[in-house]
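Reading through the structure tokens given below for one structure.
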Amino acid sequence: MKNILPTPLQYKKNKLTFDGLYLDKIANKRTTPFYLYSKKTLDFYYKTFFQSAVKQGIPEPLVCYAVKANSNIEVLKRLKKLGSGADVVSVGELKKALAAGIDPQRIVFSGVAKTESEILFALKSGKKGIYSFNVESIEELELINQIAKKEKRIARVAFRLNPQVAAKTHKHISTGNKTHKFGLLKIDILEALAVPGFWTNTTLVGLSIHIGSQLTDMKATVAAIKELSNLAHEIELPLEFLDVGGGLGIDYTDEERMKLASIDLYMKTVSVALKKFYFDKSEDTPRIVFEPGRILVGKMGVLVSRVVRTKTSDNCHFTIIDAGMNDLIRPALYEAHHEVLPETKSKKMITTDIVGPICETADCFGSKKKLPTLKTGDLVVIDNAGAYGQTMASTYNERAIAPEILI
Ligand SMILES: *Cc1c(COP(=O)(O)O)cnc(C)c1O
Numbered sequence: 483m484k485n486i487l488p489t490p491l492q493y494k495k496n497k498l499t500f501d502g503l504y505l506d507k508i509a510n511k512r513t514t515p516f517y518l519y520s521k522k523t524l525d526f527y528y529k530t531f532f533q534s535a536v537k538q539g540i541p542e543p544l545v546c547y548a549v550k551a552n553s554n555i556e557v558l559k560r561l562k563k564l565g566s567g568a569d570v571v572s573v574g575e576l577k578k579a580l581a582a583g584i585d586p587q588r589i590v591f592s593g594v595a596k597t598e599s600e601i602l603f604a605l606k607s608g609k610k611g612i613y614s615f616n617v618e619s620i621e622e623l624e625l626i627n628q629i630a631k632k633e634k635r636i637a638r639v640a641f642r643l644n645p646q647v648a649a650k651t652h653k654h655i656s657t658g659n660k661t662h663k664f665g666l667l668k669i670d671i672l673e674a675l676a677v678p679g680f681w682t683n684t685t686l687v688g689l690s691i692h693i694g695s696q697l698t699d700m701k702a703t704v705a706a707i708k709e710l711s712n713l714a715h716e717i718e719l720p721l722e723f724l725d726v727g728g729g730l731g732i733d734y735t736d737e738e739r740m741k742l743a744s745i746d747l748y749m750k751t752v753s754v755a756l757k758k759f760y761f762d763k764s765e766d767t768p769r770i771v772f773e774p775g776r777i778l779v780g781k782m783g784v785l786v787s788r789v790v791r792t793k794t795s796d797n798c799h800f801t802i803i804d805a806g807m808n809d810l811i812r813p814a815l816y817e818a819h820h821e822v823l824p825e826t827k828s829k830k831m832i833t834t835d836i837v838g839p840i841c842e843t844a845d846c847f848g849s850k851k852k853l854p855t856l857k858t859g860d861l862v863v864i865d866n867a868g869a870y871g872q873t874m875a876s877t878y879n880e881r882a883i884a885p886e887i888l889i
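Going by our numbering, the letters in the sequence shown line up with residues 483 to 889, in that order.
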């Protein structure tokens, strides 16, 4: 294994432990399913990410954690304590980041559909408003300028460039091509800069990109940083920051583990590309903003579930668990893979489909999987569920939202 990302899970004498505690002890007297997060693992990923940026000589890195990956308030408070800012995509996320104590001057606001009331709220957060509105259309820029004018304030804005690169990832989480709704094309940004009416109450403080999620191949990242740098040179305005977005992937499968860039390799790639395409050709020293989501929280969390019953139908065997696609939709939505691990290891294995309670065929966590023969009440965990798990949960089939426990 070339790249081992730490996880809180470990078998001790065939019993599963989480952060050194026996899982059956943690789950005892708790209703399943529930999300279980490790503060220690969260700390590890934030510190590794930040220190890696520093080690690679990136000037004044600002990590704006992408709140949509996991918006649990305790997780946000912990990240704030570690020094993180936030990347938010709605006023709800903005309020949560502020409630966690994150300084508005460390918050960037992305998203194609910022409404008037959301812009107003962000503009009035703190003394100076938020650090940056990462603008995704000319219409949005006009609206921000209008609102700021009415409020007699200056809004800090950055353009989100659509760098027109194809990130190799699942089609639903690729965002940097011109057929995607995200960002602005270079030509439109240059045109907008030439319209004085857009800039009476806005000031351009940066440029940003974000080309997709669960990225493993670094080529698209380099190509996007090249585009970002070229635009920064072309506009000839001093910028406070360049925002390279998020998207670094984690290993959900062994196959992904082989392809995945480590945090250090990612940082090195970003740093080398910025130097080559930007810093070597400019006197300016903007700070570098990162918007990582998944890499910070993905590995720290699991979804804990119990077996409801097993069932056979002809030669098909089903292990039916009490967690479903309403708790964790990634397999159904993105054909994502999450390993299902038994609490107790055993040599007696069976080939089974692990399915949830929801009345949808897509409610399946794995087909033809080797698992020990399980019975009603046995515990299993669905691994790598810290990112885009609970935040995407729904009450479909009138089910409750699974609680979250941080230890
Ligand atoms: C979702 C998102 C991120 C985080 O993506 P990850 O793949 O979780 O790192 C960063 N920036 C923006 C604008 C996003 O929409």
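By construction, the Cβ of each residue, glycine as well, lies at the ideal position given by its N, Cα and C atoms.
Assumed close pair residue i, residue j - CB separation to whole angstroms, cut-off 8 Å
i           : j           : result
residue 548 : residue 525 : At roughly 18 Å, the Cβ-Cβ gap does not stay under 8 Å, so residue 548 and residue 525 are not in contact.
residue 804 : residue 791 : Rounded, the Cβ-Cβ distance is 10 Å, inconsistent with contact.
residue 477 : residue 626 : Here the chain covers residues 483 to 889 and nothing more, so residue 477 does not appear.
residue 666 : residue 633 : With a Cβ gap of about 24 Å, residue 666 and residue 633 do not count as contacting.
residue 722 : residue 769 : 7 Å
residue 869 : residue 729 : The pair is not a contact, with the Cβ atoms about 12 Å apart (cut-off 8 Å).
residue 887 : residue 527 : The pair is not a contact, with the Cβ atoms about 18 Å apart (cut-off 8 Å).
residue 871 : residue 785 : 6 Å
residue 617 : residue 647 : In fact, because the Cβ distance is near 20 Å, the residues do not count as touching under 8 Å.
residue 751 : residue 698 : Their Cβ separation, rounded to whole angstroms, is 12 Å, which puts residue 751 and residue 698 out of contact at 8 Å.
residue 833 : residue 852 : 6 Å
residue 814 : residue 845 : 7 Å
residue 726 : residue 759 : 12 Å between Cβ atoms; not a contact.
residue 550 : residue 536 : Not really, about 26 Å apart at Cβ, beyond 8 Å.
residue 664 : residue 623 : The pair is not a contact, with the Cβ atoms about 15 Å apart (cut-off 8 Å).
residue 749 : residue 534 : 4 Å
residue 884 : residue 516 : 5 Å
residue 558 : residue 578 : 6 Å
Alpha carbon of residue i to alpha carbon of residue j, nearest angstrom
i           : j           : result
residue 744 : residue 682 : 44 Å
residue 819 : residue 802 : 17 Å
residue 642 : residue 756 : 17 Å
residue 590 : residue 613 : 6 Å
residue 583 : residue 608 : 11 Å
residue 712 : residue 672 : 12 Å
residue 882 : residue 716 : 52 Å
residue 610 : residue 668 : 28 Å
residue 615 : residue 696 : 24 Å
residue 810 : residue 875 : 6 Å
residue 767 : residue 719 : 12 Å
residue 539 : residue 736 : 31 Å
residue 495 : residue 504 : 11 Å
residue 691 : residue 808 : 31 Å
residue 674 : residue 701 : 29 Å
residue 856 : residue 522 : 30 Å
residue 829 : residue 489 : 24 Å
residue 891 : residue 678 : The chain is shown from 483 up to 889; residue 891 falls before or after that span and cannot be answered.
residue 732 : residue 594 : 26 Å
residue 684 : residue 710 : 21 Å
residue 865 : residue 783 : 7 Å
residue 603 : residue 513 : 38 Å
residue 660 : residue 693 : 11 Å
residue 574 : residue 596 : 12 Å
residue 531 : residue 546 : 12 Å
residue 662 : residue 502 : 44 Å
residue 483 : residue 553 : Below a pLDDT of 50, predicted positions are generally treated as unreliable, and residue 483, at 42, falls in that range; the measurement from the model is reported next regardless. C-alpha separation (whole angstroms): 31 Å.
residue 644 : residue 670 : 10 Å
residue 649 : residue 705 : 10 Å
residue 754 : residue 529 : 21 Å
residue 588 : residue 544 : 8 Å
residue 486 : residue 740 : 10 Å
residue 889 : residue 510 : 15 Å
residue 873 : residue 714 : 34 Å
residue 800 : residue 850 : 9 Å
Checklist entry - Below 8 Å, can you find three or more Cβ-Cβ pairs linking the segment 760–780 to the segment 839–849? => result no
Checklist entry - Below 8 Å, can you find three or more Cβ-Cβ pairs linking the segment 824–831 to the segment 857–870? => result They touch, by the three-pair rule.
Next on the checklist: In chain order, what are the residue ranges of uninterrupted alpha helix (DSSP H) at least 4 long that sit wholly in the segment 513–600?
Outcome noted: Listed in chain order, they are 521–537, 555–564, 573–581.
Checklist entry - Going along the chain, which unbroken runs of the beta strand (DSSP E) with 3 or more residues stay wholly within the segment 722–777? => result 723–725, 769–772
Checklist entry - Touching or not, the segment 564–580 and the segment 753–768, by the rule of three or more beta carbon pairs under 8 Å? => result no
Next on the checklist: Could you tell me which whole alpha helix (DSSP H) segments of length 4 or greater appear in the segment 797–885?
Outcome noted: 812–816
Item to check | Those runs of the beta strand (DSSP E) which lie wholly inside the segment 622–659 and span at least 3 residues | outcome: 637–642
Checklist entry - Which ranges would you report for the beta strand (DSSP E) in the segment 668–716 if only whole runs of at least 3 residues count? => result Counting whole runs of 3 or more residues, the segment 668–716 contains the beta strand (DSSP E) stretches 684–690.
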